[in-house]
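Residue numbers (this note's numbering): 29 to 486.
#1: Find the nearest neighbour of residue 285 within the set 364, 410 and 393, judged by alpha-carbon distance.
#2: Take residue 71 as the anchor and find which of 46, 62, 195 and 83 has the nearest alpha-carbon.
#3: To the nearest whole angstrom, what separates the beta carbons of residue 261 and residue 239, a pair I think is in contact under 8 Å?
#4: Which parts of the stretch 269-348 are runs of the beta strand (DSSP E), unbroken and 3 residues or longer, counting only runs that do not cross its ends?
#5: By DSSP, does residue 208 sit in helix, in strand, or in coil?
#6: Buried or exposed: which applies to residue 42, given that a residue is buried once 16 or more other Cβ atoms fall within 10 Å of its Cβ?
#7: Classify residue 298: buried if its beta carbon has 16 or more other beta carbons within 10 angstroms, exposed otherwise.
#8: Does the beta-carbon distance from residue 430 to residue 351 come in below 8 Å?
#9: Please say whether residue 417 and residue 449 have beta carbons closer to each other than 8 Å?
#10: With a threshold of 7 Å on Cβ separation, who are the neighbours of residue 176 within its own chain once the five nearest residues in sequence on each side are excluded?
#11: Beta carbon of residue 302, beta carbon of residue 331: below 8 Å?
#12: May I ask which residues mark the beginning and end of the alpha helix (DSSP H) holding residue 122?
#13: I need the straight-line Cα distance from residue 230 to residue 359, nearest angstrom please.
#14: Count the other CB atoms within 10 Å of the CB of residue 100; is the residue buried (16 or more) or exposed (fewer)?
#15: Helix, strand or coil: which one does DSSP assign to residue 144?
#16: Assuming the contact rule is C-beta atoms closer than 8 Å, residue 166 and residue 152 should be a hit. Round their C-beta distance to whole Å, please.
#17: According to the neighbour-count rule (16 or more other Cβ atoms, all chains shown, within 10 Å of its Cβ), is residue 118 buried or exposed?
#18: In whole angstroms, what is the alpha-carbon distance linking residue 32 and residue 133?
#19: When you compare only the Cα positions, how much space is there between residue 446 and residue 296?
#20: Is residue 32 helix, strand or coil by DSSP?
#21: Quick check: the Cα distance between residue 324 and residue 401, rounded to an integer number of angstroms?
#22: Quick one: is residue 55 buried, meaning 16 or more other Cβ sit within 10 Å of its Cβ, or exposed?
#23: Using the DSSP secondary-structure output, state which residues sit across from residue 90 in a beta bridge.
#24: To the nearest angstrom, how far is the alpha carbon of residue 98 from that of residue 141?
#25: Please report the distance separating the alpha-carbon of residue 137 from that of residue 376.
#26: Expressed to the nearest angstrom, what Euclidean distance is found between the alpha-carbon atoms of residue 120 and residue 456?
#27: Could you pull the DSSP bridge partners for residue 169 from this structure?
#28: Once the 5 residues before and after residue 48 are set aside, which same chain residues still bring their CB inside 6 Å of it?
#29: Between residue 105 and residue 215, what straight-line distance do the alpha-carbon atoms span, to the nearest angstrom?
#30: Within 10 Å of its beta-carbon, does residue 34 have 16 or more other beta-carbons around it, so buried, or fewer, so exposed?
#31: Check whether the stretch 327-341 touches the stretch 396-411, counting contact only when three or more Cβ pairs, one atom from each stretch, lie closer than 8 Å.
#32: Reducing DSSP to helix, strand and coil, say where residue 436 ends up.
#33: Let me make sure I understand the geometry here. Which of 385, 208 and 392 has the alpha-carbon closest to that of residue 53?
#34: Pick helix, strand or coil for residue 452, following the three-state DSSP scheme.
#35: Taking DSSP as the reference, what is the three-state secondary structure of residue 98?
#36: Kindly list the residues whose CB is nearer than 8 Å to the CB of residue 341, restricted to its own chain and excluding five residues on each side of it in sequence; keep chain order.
This is the structure:
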């Protein structure tokens, strides 16, 4: 059996947490594995696969589905986050085991499962089949270190100190910590997910982190002392970085249909560096008060703006705002973000600072205005403004609203002042580092090659 297996190329199963922001970086990493002659099978849940409208996967990626226990409604049909987590754990473990049984008798059985660290039970199932178990971090190493310290009870909750100093991290005010800690008790289900990813991580054969080593060298060096961790990021399409994967131009899946033609035509008509792009991702939603303040901040800045407002959020816009902004603004329900971020008319990016958007901005040389809403976004915003220095943070008032004057001033600072030029220089520096990291012989490329060498020996 051992000799038989050696005749096959390595076969990795990729199992992301069922959300677009978790699937895409793991699919991008899959493309890097395929480039290095690894067979890849993506495993996702029935409910999510039904909702994906754009499936731009490589023809070399096969897809298998398991059940999360909510085949007809997915996460949205669960009563609570905790209910979803527990049901997915129970039903997912059984259906994953059934799938692994089936694949074990295939012509090229898997020898490795790369799983989203949000799903620690996958590691236990993988080990019962004698497979390599590899955890994949879809958030920054800085944030994962904070959650690890929380899991180890080295951060006392509720938070009792104003400032925190953790290995490899700058001094963080308690409000710079992820919202699940700073606002302890506000999202107990999500808190359990992010903290319990460390329950069995010591059993993982490898841990792969979607980050760039140079972004967080001190914290990565600290984590490497306790885990077999390697950085493999950024998981951004190759044609925007090293250009070694010719067909890798955009992300693999999308749950929305972007208004591509409308957006790009509009951007093409605008001067270089003149457009403010605004997007808060696929999950986060602004309050009505915040939406109104942001709307008038954009209008008062007197700059061109492209604003993504999802269908379910449009009702929060000020009455008549869309019509009154036609001269300067374009509001769409979704857009091709990577094409926008690489367009020459872009001046800056107003972002919620989700890790994918943060890495994209860093990798593509884009200056940002940080408007974090929850979870890891507040920590990412701190690093953007104070460590990487590629943007400014739009600070909220005592009611947790970023006022229109603040929005306007942040835009003016980036578009019109010398500080904006300095931020752009820093952003371009990080773009070069990101490209070098995944290019041939770069640190992430070497780490991926080392991982593949282990797969070939297993």
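Built from N, CA and C at the ideal position, the CB exists for glycine as well. Remember, it's a predicted structure, so these values are computed and weren't measured experimentally.
Put simply:
#1: 364
#2: 46
#3: 5 Å
#4: 303-307 and 332-336
#5: helix
#6: buried
#7: buried
#8: Against a cut-off of 8 Å, the Cβ pair of residue 351 and residue 430 comes out as no contact.
#9: no
#10: Excluding sequence positions up to five before and after residue 176, its CB lies within less than 7 Å of the CB of 226, all in the same chain and listed in chain order.
#11: yes
#12: 109-132
#13: A straight line joining the alpha-carbon of residue 230 with that of residue 359 spans about 46 Å.
#14: Exposed, by the Cβ-count rule.
#15: strand
#16: Actually they are not in contact, since the Cβ atoms of residue 166 and residue 152 sit about 20 Å apart, beyond 8 Å.
#17: exposed
#18: Here residue 32 scores only 46 on pLDDT, less than 50, and its place in the model should not be relied on; the value that follows carries that caveat. Going by the C-alpha atoms only, they are around 12 Å apart.
#19: 26 Å
#20: At residue 32, the pLDDT of 46 sits below 50, so the modelled position is not reliable; the number obtained from the coordinates is stated separately. Three-state DSSP puts residue 32 in a helix.
#21: 19 Å
#22: buried
#23: 69
#24: 23 Å
#25: 47 Å
#26: 43 Å
#27: In the DSSP output, where bridge partners are listed per residue, residue 169 has none listed.
#28: 283 and 310
#29: 18 Å
#30: In this prediction, residue 34 scores a pLDDT of 49, lower than 50, which makes its location untrustworthy; no coordinate-derived value is stated.
#31: no
#32: helix
#33: The option with the nearest alpha carbon to residue 53 is 385.
#34: helix
#35: coil
#36: 313, 314 and 319
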